[in-house]
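Enquirer: Note that the UniProt record's numbering has the sequence shown beginning at 1, numbered continuously upward. Here's a structure for you.
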Amino acid sequence: MALHAREQDLQMTTDSEEEFTFSSESEDDEDLDDEELHFEERFDPAQDTFSEECENDQIPVAKRAKKTLSWREETDVDVAPKPRRFLPAREPGPQLSLADSHSPVSLFKLFFSESAVSNLCHNTNAQAARALAKGRKYSWTDVSVGELYRYIGLVFYMAMVKMSSIADYWRQDSLFSVPFPATVMSRDRYRTISWNLHMSHPDADTENDKKSGTAEHDRLFRVKPLMDTIRLACKAFYHPRRNLAVKERLVACRANTVMRRFMKAKPTKLGFKCFVLTDSSNGYTVDLSVYTGNGIFPTDHGLSYDAVMSLLDKKVLGSGYHVYMDDFYTSPKLLTDLFAMKFGACGTYRDYRKDFPRSSSNSLTKKSSRGSIRWIRDGPLVCVKWMDKQVVSICSTIHAAFTGDRVQRKVKAQDTWRTKTFPCPAPVTAYNQHMTGVDPSDQLLQYYTAQHKTMKWYRKVFLHFLDVAATNAFILHKELHGNMTHKEFMEELIEELCGVSENRTKTHQ
Numbered sequence: 001m002a003l004h005a006r007e008q009d010l011q012m013t014t015d016s017e018e019e020f021t022f023s024s025e026s027e028d029d030e031d032l033d034d035e036e037l038h039f040e041e042r043f044d045p046a047q048d049t050f051s052e053e054c055e056n057d058q059i060p061v062a063k064r065a066k067k068t069l070s071w072r073e074e075t076d077v078d079v080a081p082k083p084r085r086f087l088p089a090r091e092p093g094p095q096l097s098l099a100d101s102h103s104p105v106s107l108f109k110l111f112f113s114e115s116a117v118s119n120l121c122h123n124t125n126a127q128a129a130r131a132l133a134k135g136r137k138y139s140w141t142d143v144s145v146g147e148l149y150r151y152i153g154l155v156f157y158m159a160m161v162k163m164s165s166i167a168d169y170w171r172q173d174s175l176f177s178v179p180f181p182a183t184v185m186s187r188d189r190y191r192t193i194s195w196n197l198h199m200s201h202p203d204a205d206t207e208n209d210k211k212s213g214t215a216e217h218d219r220l221f222r223v224k225p226l227m228d229t230i231r232l233a234c235k236a237f238y239h240p241r242r243n244l245a246v247k248e249r250l251v252a253c254r255a256n257t258v259m260r261r262f263m264k265a266k267p268t269k270l271g272f273k274c275f276v277l278t279d280s281s282n283g284y285t286v287d288l289s290v291y292t293g294n295g296i297f298p299t300d301h302g303l304s305y306d307a308v309m310s311l312l313d314k315k316v317l318g319s320g321y322h323v324y325m326d327d328f329y330t331s332p333k334l335l336t337d338l339f340a341m342k343f344g345a346c347g348t349y350r351d352y353r354k355d356f357p358r359s360s361s362n363s364l365t366k367k368s369s370r371g372s373i374r375w376i377r378d379g380p381l382v383c384v385k386w387m388d389k390q391v392v393s394i395c396s397t398i399h400a401a402f403t404g405d406r407v408q409r410k411v412k413a414q415d416t417w418r419t420k421t422f423p424c425p426a427p428v429t430a431y432n433q434h435m436t437g438v439d440p441s442d443q444l445l446q447y448y449t450a451q452h453k454t455m456k457w458y459r460k461v462f463l464h465f466l467d468v469a470a471t472n473a474f475i476l477h478k479e480l481h482g483n484m485t486h487k488e489f490m491e492e493l494i495e496e497l498c499g500v501s502e503n504r505t506k507t508h509q
């Protein structure tokens, strides 16, 4: 079971909290060596510590639990809140005609439209002109929309065909030479486009850089034009089904910028932190945001609260959605506020966070048997503890504490492994089912990721946008037609972007 597989992660209180930021404000510096990195621990004012002060007249469940409440057991009857009516703003699913035929490239261009690519070309050409004026020595002709699509096709090709360096894709004297890239464009042309790729106009970048250190400075200025386009397209061409998952992605990057985060408990430990809203049924990225690390939050409730709220637009989504999240985000304040907005929510939580119950009366202990359940309800919010291999803490405004669900576990008894069934809380069952919906997207992004070495942080983010667009395009194709594997989809997308039939006969030297 997914939650069982993540037991160690659920117990790591430093999973998302122990991050570090970097002091340099430089946008364009080269990569630093490991020994040159200086870490400064980030404090997330997300109400992570228990406070005895109440900000309103209501006594939080944690304080009442400490005084009067006792943990109940699975034999005690719990009643879930009245289900919210599901009223999506649009019919869930792809917002495209099912009768039409949709090729991989036509779906990809929903996210990277010709208008968006034309803007990329304009800014890239402006950056190249500026570089040449400063004395850079290389040949340059303005890049066109068609050529930039071919460049993107090569980026995806390199994601599928791994070589040790970019230059190796054009080597003709190697035992492992590949002929395809040279039929699309020359090595030098690919490099010069990569060096100058720009999502914003360089003159506007300069004006924004002058505001560094002030409230008017926008750290995401270099990526915002394309990021806004991608976010709008993600929401325009697909409407999510009822169950949503909020998760974080870390875009690997070693470029020198204050937005870079260090998270020692993650597989990718250094890079940009993205908050992502996905459809649990297929992993489609509904919305995303990039954390700037500036410590400025729209509310007084901290990063974890604001990250979730920024992704849930009731006017766009509708109401009655169920939102699943991990313990970085979950707090009583967030779940009760979402409930007031007619969103149900469920997530694992960290015991030390403010306003969670701390009653020791009838609580689980280390000697509690596997499958033991304890719960406390406070209005729509139920907090549940479940003894699996370790204690799992979870809360919900959707479910009753226990509805008779059972799970199977391998148990060793007398040197023999046997399968046994144990009671399982309803929120845990639902969490395992719907939080795994975020994994297909993460996995698809890793299978054929466009990421490769670059010294500019904003180009790393650009490559991530390519990944998101290609993955969402594949999910749309699967929803509409369902007759291609991910590998087949990417192969056809590369051929269509690169115009293989037009370029296969000509080789660039």
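Glycine included, C-beta positions come from ideal geometry on N, C-alpha and C.
Residue 510 and TYR324 look like a contact to me (Cβ under 8 Å); what is the Cβ gap, rounded to whole Å?
Expert: In the structure as shown, the chain begins at 1 and stops at 509. Residue 510 is therefore absent and cannot be evaluated.
Enquirer: If you compare alpha carbons, which of GLU147, ALA204 and MET227 is closest to HIS217?
Expert: Measuring from the Cα of HIS217, the nearest candidate turns out to be ALA204.
Enquirer: Between which two residues does the alpha helix (DSSP H) containing MET325 stretch?
Expert: Looking at the DSSP string, MET325 is not in any alpha helix (DSSP H); the run it does join, the beta strand (DSSP E), is 322 to 325.
Enquirer: As a quick exercise: from VAL392, THR365, TYR329 and GLY293, pick the residue whose alpha carbon is nearest that of VAL246.
Expert: Of VAL392, THR365, TYR329 and GLY293, the residue nearest in Cα terms is TYR329.
Enquirer: Can we say the stretch 394 to 402 touches the stretch 343 to 358, given the rule of at least three CB pairs closer than 8 Å?
Expert: Yes, since at least three Cβ pairs between the stretch 394 to 402 and the stretch 343 to 358 fall closer than 8 Å, the two stretches touch.
Enquirer: Within 10 angstroms of the Cβ of GLU73, are there 16 or more other Cβ atoms? Answer buried if so, exposed if not.
Expert: The residue in question, GLU73, is exposed, as its Cβ has fewer than 16 Cβ neighbours within 10 Å.
Enquirer: Does the beta-carbon distance from PHE275 to SER289 come in below 8 Å?
Expert: In this structure, SER289 lies closer than 8 Å to PHE275 by Cβ.
Enquirer: Does the count of Cβ pairs from the stretch 279 to 287 and the stretch 234 to 249 closer than 8 Å reach three?
Expert: The stretch 279 to 287, when compared against the stretch 234 to 249, does touch it at the 8 Å Cβ threshold.
Enquirer: Go through its chain and collect everything with a Cβ distance to LEU497's Cβ below 8 Å, but skip five positions before and after it.
Expert: So the qualifying residues of the chain are VAL105, PHE108, TYR149, ARG150, ILE152, GLY153 and PHE156.
Enquirer: At a cut of 8 Å, does the stretch 89 to 98 reach the stretch 229 to 242 through at least three beta carbon pairs?
Expert: Cβ pair count under 8 Å is three or more, so yes.
Enquirer: Which of the three DSSP states is assigned to ARG242 in this structure?
Expert: Correct three-state label for ARG242: coil.
Enquirer: Going by beta-carbon coordinates alone, are PHE474 and HIS486 separated by less than 8 Å?
Expert: A contact, by the Cβ cut-off of 8 Å.
Enquirer: Tell me whether the stretch 130 to 150 and the stretch 187 to 198 touch, counting them as touching only if at least three CB pairs, one residue from each stretch, are closer than 8 Å.
Expert: In short, these stretches touch, since the Cβ pair count reaches three.
Enquirer: Quick one: give me the first and last residue of the beta strand (DSSP E) that VAL290 is part of.
Expert: It spans 285 to 290 - the beta strand (DSSP E) in which VAL290 sits, taken as one unbroken run.
Enquirer: With a threshold of 7 Å (Cβ to nearest heavy atom), would VAL251 be considered close to the ligand ZN?
Expert: With respect to small molecules bound, the structure shown includes none, and the ligand ZN cannot be examined in it.
Enquirer: I'd like to know whether the C-beta atoms of ALA470 and MET490 end up nearer to each other than 8 Å.
Expert: Yes, the Cβ-Cβ distance between ALA470 and MET490 is below 8 Å.
Enquirer: Alpha carbons only, please: which of MET160, TYR291, ARG231 and LEU197 is nearest the one belonging to GLU147?
Expert: It is LEU197.
Enquirer: If I'm right that LEU364 touches LYS385 with Cβ under 8 Å, what's the distance once you round it to whole angstroms?
Expert: Yes, LEU364 and LYS385 are in contact; Cβ-Cβ is about 5 Å, under 8 Å.
Enquirer: PRO92 by DSSP, collapsed to three states: which one?
Expert: Three-state DSSP puts PRO92 in coil, outside helix and strand.
Enquirer: State yes or no: is the C-beta of GLN408 within less than 8 Å of the C-beta of THR419?
Expert: Yes, these two residues count as a Cβ contact at 8 Å.
Enquirer: Identify the continuous beta strand (DSSP E) that holds ARG377 and give its terminal residues.
Expert: Segment 373 to 378, the beta strand (DSSP E) holding ARG377.
Enquirer: Select from HIS122, ARG353 and LYS314 the residue whose C-alpha is nearest the C-alpha of residue 518.
Expert: Residue numbering for the chain in the displayed model covers 1 to 509; residue 518 lies beyond these limits and cannot be assessed.
Enquirer: For a cutoff of 8 Å on Cβ pairs, would you count SER319 as touching chain C?
Expert: In the displayed structure, chain C is absent; only one protein chain is listed.
Enquirer: Report the option in VAL161, ARG406, MET227 and ARG187 whose CA atom is closest to the CA atom of ARG171.
Expert: Ranking the options by Cα distance to ARG171, first place goes to ARG187.
Enquirer: Hey, SER359 and LEU69: beta-carbon distance below 8 Å or not?
Expert: The answer is yes: Cβ separation under 8 Å.
Enquirer: Relative to the C-alpha of TYR362, which residue among ARG353, ILE376 and LYS354 is closest?
Expert: The residue asked about is misnamed: residue 362 is Asn in this sequence, not Tyr. Comparing Cα-Cα distances from ASN362 to each of ARG353, ILE376 and LYS354, the minimum goes to ILE376.
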